[in-house]
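Chains A and B are the protein sequences, given in the same order. Its first residue numbered 1, the first sequence is counted upward by one per residue in my numbering. Its first residue numbered 1, the second sequence is counted upward by one per residue in my numbering.
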Amino acid sequence: MKEKDITVVNKMGLHARPAAMLVQTAAKFSSSIKILKDDFEVDSKSIMGVMTLAAGPGSTLKFTADGPDESEALSAIEKLFIAGFMED
Amino acid sequence: MPNNKKTDVVFKGVAASSGIAIGKVFLLEDDDFCLIQKEIPGNARQEELNRLDCAIEKTRSELEVTYGKINEVLGRNYAKIADVHLLILDDPSLKQDVVKFINEGVNAEFAVFKVINKIVASFENIDDEYFRERKHDIQDVGKKILSNLLGKRSRSLSNISGESIVVAHNLTPADTVTIRESMVKGFATDIGGKTSHTAIVAQGLEIPAVVGLKSISLHAVTGDVLIIDGNKGEVILNPAQETLAKYRSELALQSERRKDLEKLRYLPAQTVDGKTISLWGNIDNYNEIESVVKNGATGIGLYRTEFMYFNRTSMPSEDEHFENYSKVVRAMSPHAVIIRTIDIGGDKLAKLGLLNFGKEENPFMGLRAIRLCLKYPEIFICQLRGILRASVNGKIKLMYPMISGIEELRAANKILKKVKENLRKENVSFDENMEVGAMIEVPAAAIIMDAIAKEVNFVSIGTNDLIQYSLAVDRINENVANLYDPLHPAILRLIKKIIDEGHKAGIEVGMCGEMAGDPFYTPALVGLGLDDFSVSSAQIPKIKKVIRSVSYEDAKSAADQILTLGDRESILKVIEKIKITEI
Numbered sequence: 001m002k003e004k005d006i007t008v009v010n011k012m013g014l015h016a017r018p019a020a021m022l023v024q025t026a027a028k029f030s031s032s033i034k035i036l037k038d039d040f041e042v043d044s045k046s047i048m049g050v051m052t053l054a055a056g057p058g059s060t061l062k063f064t065a066d067g068p069d070e071s072e073a074l075s076a077i078e079k080l081f082i083a084g085f086m087e088d
Numbered sequence: 001m002p003n004n005k006k007t008d009v010v011f012k013g014v015a016a017s018s019g020i021a022i023g024k025v026f027l028l029e030d031d032d033f034c035l036i037q038k039e040i041p042g043n044a045r046q047e048e049l050n051r052l053d054c055a056i057e058k059t060r061s062e063l064e065v066t067y068g069k070i071n072e073v074l075g076r077n078y079a080k081i082a083d084v085h086l087l088i089l090d091d092p093s094l095k096q097d098v099v100k101f102i103n104e105g106v107n108a109e110f111a112v113f114k115v116i117n118k119i120v121a122s123f124e125n126i127d128d129e130y131f132r133e134r135k136h137d138i139q140d141v142g143k144k145i146l147s148n149l150l151g152k153r154s155r156s157l158s159n160i161s162g163e164s165i166v167v168a169h170n171l172t173p174a175d176t177v178t179i180r181e182s183m184v185k186g187f188a189t190d191i192g193g194k195t196s197h198t199a200i201v202a203q204g205l206e207i208p209a210v211v212g213l214k215s216i217s218l219h220a221v222t223g224d225v226l227i228i229d230g231n232k233g234e235v236i237l238n239p240a241q242e243t244l245a246k247y248r249s250e251l252a253l254q255s256e257r258r259k260d261l262e263k264l265r266y267l268p269a270q271t272v273d274g275k276t277i278s279l280w281g282n283i284d285n286y287n288e289i290e291s292v293v294k295n296g297a298t299g300i301g302l303y304r305t306e307f308m309y310f311n312r313t314s315m316p317s318e319d320e321h322f323e324n325y326s327k328v329v330r331a332m333s334p335h336a337v338i339i340r341t342i343d344i345g346g347d348k349l350a351k352l353g354l355l356n357f358g359k360e361e362n363p364f365m366g367l368r369a370i371r372l373c374l375k376y377p378e379i380f381i382c383q384l385r386g387i388l389r390a391s392v393n394g395k396i397k398l399m400y401p402m403i404s405g406i407e408e409l410r411a412a413n414k415i416l417k418k419v420k421e422n423l424r425k426e427n428v429s430f431d432e433n434m435e436v437g438a439m440i441e442v443p444a445a446a447i448i449m450d451a452i453a454k455e456v457n458f459v460s461i462g463t464n465d466l467i468q469y470s471l472a473v474d475r476i477n478e479n480v481a482n483l484y485d486p487l488h489p490a491i492l493r494l495i496k497k498i499i500d501e502g503h504k505a506g507i508e509v510g511m512c513g514e515m516a517g518d519p520f521y522t523p524a525l526v527g528l529g530l531d532d533f534s535v536s537s538a539q540i541p542k543i544k545k546v547i548r549s550v551s552y553e554d555a556k557s558a559a560d561q562i563l564t565l566g567d568r569e570s571i572l573k574v575i576e577k578i579k580i581t582e583i
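Structure below.
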C-alpha cells in the first residue's frame, strides 16, 4: 500500500473535466485507489465520488493506492495534477 | 382550441429567438415514475440483477446514440454532456450499491431510486454551486435507467409534427437535436435565459422561442393553441379569436418580409446615395459558414475562437488550430476572415461552468482575453502559430480582444513578431502581410483611439463590453439591465470618437457587437460613419435591407444632431425620423 498527498494546483479545481480525466486515469490501473479529503473518503474510479469532494484549488488530497501497480498509479495521477490537468 | 373569452392568458418570459409562431402545443412532460418497493424473494434476485444489467446496457446504447447524434448535429462541445452521463453510468459506486440493495431483496427500480437519491442528497450538501448542480446529471442518468427498467419509453419527440410548438419545463441538448430534425415551429420553456443553450439553438435554427416562462409547462396541454411572440418575449395560451387574427396577419407579414430579405442576398450593402458598407458575419465555428454565405455576407468580421477550448480534456494543439482556421478561410476565400484570438474568461466561462480560472470576484474585469494570453504566452503562441500557418490558405486578419492600452498591443505584437521569426527559421510559409487589428471594447482604448489607430491596421468595436464597462452596468443583472443602453449619449459619442480617430489614421472601423446586429441602430451607425458591420447570420439580410434604405447624407446629418444631444428621449426622436426608403 502506498500513500501520497497531492495538492490541487490547477486554477479550477476538480471540476467535471479534470474529475473525468482523473477517473479515466485511475481506471487504467488494477490497484484500488482511494482519495481522502477532510475525513471524507471516495473511490478515485467513481466520477460521482470525485465530484462530491468539491476539491477547489489549494485543497490537499491524500491518495492511497493498494495493488500490483500502486506506484505507477500514484505517479500517473500525480503527473496529472502537476500538469494542472493541462489547463494552461 | 381558441376560446371565446375576451381576455388572453399571457405568459411573460425572455425573448430567446425572434419571430412569431402559431401552432398546437406538444407538451414534453418530465417523466414521473410510480415506484413501489417490492420484496424480492431469494430465488428471484438473479432475475432482478439481469433486469438491471439489461437496463444499464440499454441506457448505454441510448446515451451512445445521443452522443453520436449530438456530435454530428451540434458538434463536440455539446456532445461532452452525454459523455459525462456515460461516465456516471459506468461509475462503479452506482452499480455496487444498487446490486447490494437487490441482494438484500429490494426490487431493481426501487434500488436504483434509493441509490440515486442518496447520491443526489450528498451533492445537495455541497457549498460550491458548480459541484452542487452536477446532481442534475446524476438525476438524468437515473431517470434513463428507471425508464428502461419500467419498459417505459423515455420522453420522446419522435412523433411530433412540423405544425407543433414544443412546450417543456426545460429542453436537453438531445431534445433540441430532434427539434432541429423535425422542424417544429417554435418552443417555449419554463427555465432558461437569453444565453441558455436552448436560446442559442433557437437563434441558430431561426425558430421563434421564449424561455424563462416559469410555469408554462404546468398550464399548457398537448393540443392547446399557443402563440409565441419571440419579439416581445411572450406567449399566449388559447388566445381569443381577435388576438389570433391579429397574430395571423403579423405572421403573414413576417413571411413576406422573410421572402423579401432572401431577395437581398446578391445585392450590395449600399446606401441609396451610393455609399458601400461592408457587411460581414460573426461565427463560432466552421458549421456556420454555410448560413453566413447564404445570407450574403462578404466576409467574417468576427471568428470567435474560444469555442475551440470548451468542453474538452486537453488544450487544442497547434495543428488543430491550423486545421480549423484553414477550413474556415478556404470556405470564405476570396473574402477575408477576422480571427479573434481567444477571449476566455468572464461570462462565457461562468455560463459554461467549464474552464474556470479560479474564483475571480469580478471575472468580467479579471484575467481574460489578451490579458490571459500575455500571462500565459504558450497558449497564445500555439494559437498564433496555427493562425499564421493557416494564413496561406485564404485571407486572414488577426484581432486582439480586450486591448486596454498601447503596452498590451505592443506586447502582443512582440510575441507575434517572434512567432513569425521562428516560422521563418523553420521555413514555414505564412502571409507576411497579414493585417493586425484590435477590438475596441474597453472604454480606455476608445479614449486613446488616436494612439491605438497608429499601431493597427483596423479596429472593430465590441459594443457588448464597451457599453457595460462605460455605463458600469452588468447586463446579466436584472436589477440594472434596464440601464444597459446603446443609445446613451456617452456610448454614441465614444463610437463617434473611435470612428473619427480611425479615419484620421486611415484605417477602417467596424463593429461586431450586438448593437451592429440590431436594425434599429443601423441608420445611426451608418450616419456616424461606421465602415463595416459584422453580425450574426440571421441579421445579415435585415441589416442590409436598412442600409439599402437610408441615405448616408440624411443619416449623417441625423448623427451630427444626435451627438449634440444629452438625453435618450431626444436622441430616440431624431433616430426615428431618419427617412427609410427602399431601393
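Where is the CB? At the ideal position from N, CA and C, for every residue including glycine. If you're wondering where the values come from, they're calculated on a predicted model, not measured in any experiment.
Between the C-alpha atoms of Lys-275 (chain B) and Ser-557 (chain B), what's the straight-line distance to the nearest angstrom? 15 Å
Residues that Thr-25 (chain A) bridges to, as DSSP identifies them: Its beta-bridge partners do not exist; DSSP assigns none.
May I ask you to list, following chain order, the residues of the segment 21 to 51 of chain A that have a beta carbon less than 7 Å from some beta carbon of chain B? Met-21, Val-23, Asp-43, Lys-45, Ser-46, Ile-47, Met-48, Gly-49, Met-51
Pick out whichever of B:Leu-367, B:Glu-361, B:Gln-254, B:Asn-422 has its Cα sitting closest to the Cα of Ile-207 (chain B). B:Gln-254
Taking 8 Å as the cut-off, does the segment 52 to 70 of chain A touch the segment 13 to 25 of chain B (at least 3 CB pairs, one atom from each stretch)? no
Can you tell me the Cα-Cα spacing of Leu-14 (chain A) and Ala-54 (chain A), whole angstroms? 7 Å
Can you give the Cα-Cα distance for Ser-391 (chain B) and Val-329 (chain B), rounded to whole angstroms? 8 Å
Which same chain residues, not among the five before or five after Glu-39 (chain B), have their C-beta less than 7 Å away from its C-beta? Gly-105
Measure the C-alpha to C-alpha separation of Ala-16 (chain A) and Thr-189 (chain B) and round it to an integer number of angstroms. 26 Å
Asn-103 (chain B) lies in the alpha helix (DSSP H); which residues open and close that run? 92 to 103
Hey, is Val-84 (chain B)'s beta-carbon within less than 8 Å of any beta-carbon in chain A? yes
Check whether the segment 132 to 149 of chain B touches the segment 109 to 117 of chain B, taking contact to mean three or more Cβ pairs, one atom from each stretch, closer than 8 Å. yes
Is there a C-beta anywhere in chain A that falls below 8 Å from the one on Leu-87 (chain B)? yes
For the alpha helix (DSSP H) containing Leu-74 (chain A), list its first residue and its last residue. 70 to 82
Beta-carbon gap between Leu-372 (chain B) and Glu-408 (chain B) smaller than 8 Å: no
With Met-434 (chain B) and Lys-397 (chain B) assumed to form a contact (beta carbons below 8 Å), what rounded beta-carbon distance in angstroms separates them? 7 Å
What are the complete alpha helix (DSSP H) segments, minimum 4 residues, inside the segment 371 to 449 of chain B? 377 to 390, 406 to 425, 443 to 447
One or two residues paired with Thr-7 (chain A) in a DSSP bridge: A:Thr-60
Using beta carbons (cut-off 8 Å, strictly below), is Pro-443 (chain B) in contact with chain A? no
What is the DSSP secondary structure of Ser-44 (chain A), reduced to helix, strand or coil? coil
Thinking C-alpha only, which one of B:Tyr-521, B:Val-428, B:Ile-403 is nearest Gly-437 (chain B)? B:Ile-403
Per DSSP, Ile-227 (chain B) is paired with what? B:Ile-22, B:Ile-236
Whole angstroms are fine: how far does the CA of Ile-370 (chain B) sit from the CA of Asn-413 (chain B)? 11 Å
Can you name the start and end residues of the alpha helix (DSSP H) that Ile-289 (chain B) belongs to? 289 to 294
Reference Ile-47 (chain A), options B:Ala-44, B:Val-65, B:Leu-87, closest by Cα: B:Leu-87
Taking Cβ positions only, does Ala-73 (chain A) come closer than 8 Å to chain B? no
beta-carbon Asp-518 (chain B) near the ligand SAH non-hydrogen atom, thresh 7 Å: In the structure on display, the ligand SAH does not appear, and there are no ligands present to speak of.
Can you look up Ile-277 (chain B) in the DSSP assignment and give me helix, strand or coil? coil
Interface flag, Leu-146 (chain B) vs chain A, CB-CB below 8 Å: no
Expected contact under 8 Å - CB spacing of Phe-307 (chain B) and Arg-389 (chain B) to nearest Å: Not really, about 20 Å apart at Cβ, beyond 8 Å.
Could you confirm whether any beta carbon from chain B is found closer than 8 Å to the beta carbon of Ala-16 (chain A)? yes
List the residues of chain A that Asp-91 (chain B) touches, going by C-beta distances under 7 Å, in chain order. Ser-46, Ile-47, Met-48
Please confirm if the segment 422 to 429 of chain B is in contact with the segment 479 to 494 of chain B, defined as three or more CB-CB distances below 8 Å between the two stretches. no
If you compare alpha carbons, which of B:Leu-563, B:Leu-530, B:Val-112, B:Asp-465 is closest to Ile-56 (chain B)? B:Val-112
Going straight from the alpha carbon of Leu-150 (chain B) to that of Leu-94 (chain B), what length do you get? 18 Å
Excluding the 5 residues flanking Ile-406 (chain B) on each side, which residues of the same chain have their C-beta closer than 8 Å to its C-beta? Ile-448, Ala-451, Ile-452, Glu-455
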